[in-house]
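A.B. asks: By my numbering, the letter at position 44 of the sequence shown is numbered 51, and the numbering carries on one by one without gaps. For glycine and all other residues, C-beta sits at the position ideal for the given N, C-alpha and C.
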Amino acid sequence: MFYFIEPETLSSPEKIPKRRKPNMFIMYRKDMMKYKPHNMPMTKYSKLVSAWWKNIPAEEKARLQRRYQIDRDQKLQEYARNKIETKVPLKNDEFTQIKSTVDDPVNESTDELTAKNKSVPVNES
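(1) Quick one: Cα of Lys54 to Cα of Asn30, how far?
(2) Among Lys90, Ala87 and Tyr35, which one has its Cα closest to the Cα of Leu71?
(3) Taking the alpha carbon of Lys28 as the point to measure from, which residue in Ala87, Tyr75, Lys68 and Lys43 has its own alpha carbon closest?
(4) Could you check the C-alpha separation between Val56 and Ala69 for me, to the nearest Å?
(5) Can you tell me the Cα-Cα spacing of Asp38 and Trp60, whole angstroms?
(6) When you compare only the Cα positions, how much space is there between Glu179 and Arg79?
(7) Measure the Cβ-Cβ separation of Tyr52 and Lys41 and say whether it is below 8 Å.
(8) Quick check on DSSP: helix, strand or coil for Asn62?
(9) Note down the Cα distance separating Ala65 from Met49, rounded to an integer number of angstroms.
(10) For Ala58, which of Arg26, Phe32 and Arg88 has the nearest alpha-carbon?
(11) Run through DSSP, which three-state label would Lys90 get?
(12) Could you pull the start and end residues of the alpha helix (DSSP H) that Arg27 belongs to?
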């Protein structure tokens, strides 16, 4: 017989540190990675992107900041939606239905068990 027990909350022996949100430069750099030449080392390309970032006008940075904020909000909403969907507990009647569909050899009658054993050929040597 199988019983599924789901705790209310899971506790971890060690607290996992929360991941920091990426700042605007990191998000800009990630966008610019699409244009990186394959033969250029990453260190040189990062310096190049940093120089581009420093030369962007304030209006362009404000536009990028709004775009990145919208992207960040959408990802947070999607994360929250997925987290809620995975934490929906089973109702008692659903648990009973699942439990009743699982074969339980302990509760089967002895006639059914002997019938199952007779249908399986046994190799006696």
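C.D. replies: So, to answer that:
(1) 17 Å
(2) Tyr35
(3) Tyr75
(4) Val56 and Ala69 have their C-alpha atoms spaced approximately 18 Å apart.
(5) 12 Å
(6) With the chain covering only 8 through 132, there is no way to say anything about residue 179.
(7) no
(8) helix
(9) Going from the Cα of Ala65 to the Cα of Met49 covers about 26 Å.
(10) Nearest C-alpha to Ala58 among Arg26, Phe32 and Arg88: Phe32.
(11) Shown here, Lys90 sits in a helix according to DSSP, grouped into three states.
(12) Counting along the chain, Arg27 falls outside any alpha helix (DSSP H), and DSSP gives it neither H nor E.
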